[in-house]
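Residue numbers (the working numbering): 1 to 403.
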């Protein structure tokens, strides 16, 4: 019959049996009593009505079934044909034995408290029913802790990671069911690991929730890269931000609301305005082929294209190839990604309907603006009436243009 559960009384009885055999060396004791809890539990399940009844057994019930722990230990030793070593001074208790005895006393006190308080028994029963949930959670905590060492996230993202998590779940459940790890040394080691998992469960859960909420599904390195890029970008403080978000392109519209292509933009001091590349947060003028995120503007690879000319046209990053120095270069015949204007046109400004700045003789072109062209001699054009201007002698000219 397979072992389904293990009561605290069984663990206490097995500890008492081992205590009577403490004179044996550790290896012999482990061979003799390894799996003792599982054997006792299987024997009890043949007599009680299921795991629920087993959980309610106390030390007196086990003594009635198996006899005094000392007598049981002697019978176990004699059946195995093992002789006790010569009598001598009792060996000093190890630190592990001290903790084991403390745990046994704590379990005894808890059972006494549960026997005297009905609500404590109800809570204990509810907590006991959650053991399978803890077995699953324990496996996940181990997965997250080990995954953090290799840069993996709290959620598996590959077949190998899923298989590893499933293996941890199976091992955790099987140990919880008492299928293995009942030897004294192995049990103490696994119990220590389980205690560490219980202590780390809450911090691991909080860190994982924060990691997922911040979009760090790519794993530990993804979150580190995001923070690193953000820190470098804030330190350089270059580029253009709109609403706190770094702009990746700029589009210029004229006063008539129509798009202006190849507009060159400068700041108040005449310095060219250049956007930043997202990997290091530095101007595209300083990019020399290192790995980056997103597409690359033409001006970053072609010095003939000023990087303050907007809107940018781009090369797709997937079309770049590393050169002999390991730096990225656009492959031959790489297609250019033309900018997509946010709108075909905007509402014209009121000033655009009252005059044409391009025909104003006092207007001076700025860097990147088109020079005014000569008027086209169009015979079909309707001439405008000349405006009255004062003559050199101070007399006002007539509307017809004659003195």
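Quick reminder that beta carbons are idealized off the backbone N, C-alpha and C, glycines included. For clarity, every value in this text was computed on a predicted model and none was experimentally measured.
Residue 76 and residue 132 have their C-alpha atoms some 32 Å from each other.
Separation of the CB atoms of residue 9 and residue 58 is rounded to 5 Å, and the pair is thereby assigned contact status at 8 Å. Following the DSSP letters along the chain, one finds residue 154 in no beta strand (DSSP E), marked with neither H nor E.
Selection 154, 15, 197 and 253 evaluated against residue 207 yields 154 as nearest (Cα-Cα). Residues 315 and 319 of the same chain have their beta carbon placed closer than 6 Å to that of residue 334, with the five preceding and five following residues left out of the count. Per DSSP, reduced to three states, the secondary structure at residue 265 is coil, with no helix or strand assignment. The beta carbon of residue 176 sits closer than 7 Å to those of 131 and 135, all from its chain and outside the five residues before and after it, given in chain order. Between the beta-carbon of residue 294 and that of residue 283 there is about 15 Å, and that puts the pair past the 8 Å contact cut. Here DSSP, grouped into helix, strand and coil, assigns residue 33 to helix. Distance from the Cα of residue 249 is smallest, within the candidate group 188, 199 and 338, for 338. Secondary structure note for residue 69: its alpha helix (DSSP H) is the uninterrupted segment 69-80. In the DSSP secondary-structure assignment, residue 346 is not bridged to any residue. Rounded to the nearest whole angstrom, the C-alpha separation of residue 211 and residue 192 is 28 Å. Assignment of residue 13 by DSSP, reduced to helix, strand and coil, places it in the helix class. The stretch 249-261 makes contact with the stretch 341-350; the number of CB pairs closer than 8 Å reaches 3 or more. Take the alpha-carbon of residue 72 and the one of residue 187: they are about 21 Å apart. DSSP places residue 278 outside both helix and strand once states are collapsed to three, so it counts as coil.
Just so you know, the alpha carbons of residue 158 and residue 270 end up roughly 52 Å apart. Rounded to whole angstroms, residue 167 and residue 200 show a C-alpha spacing of 20 Å. Note: residue 328 is bridge-paired with 322 in the DSSP secondary-structure output. Within the model, the alpha-carbon separation for residue 108 versus residue 170 is close to 30 Å.
In the displayed model, residue 27 falls within a helix according to three-state DSSP. Taking the Cα positions, residue 330 is about 53 Å away from residue 198. The DSSP-derived three-state label of residue 83 is coil.
Nearest neighbour of residue 267 by Cα position, chosen from 143, 308 and 288, turns out to be 308. For residue 315, DSSP records a beta bridge to 296 and 336. For residue 15, the number of other beta carbons within 10 angstroms of its own is at least 16, and it is reported as buried.
DSSP, reduced to helix, strand and coil, places residue 116 within a helical segment of the structure shown. For residue 312, the closest of 141, 172 and 273 by C-alpha to C-alpha distance is 273. In this structure, the CA atom of residue 189 is about 16 Å from the CA atom of residue 174. With at least 16 other beta carbons inside 10 angstroms of its own, residue 172 counts as buried. By the beta-carbon neighbour count (other beta carbons within 10 angstroms, threshold 16), residue 110 is exposed. In the DSSP assignment, residue 141 falls within the alpha helix (DSSP H) that extends over 131-149.
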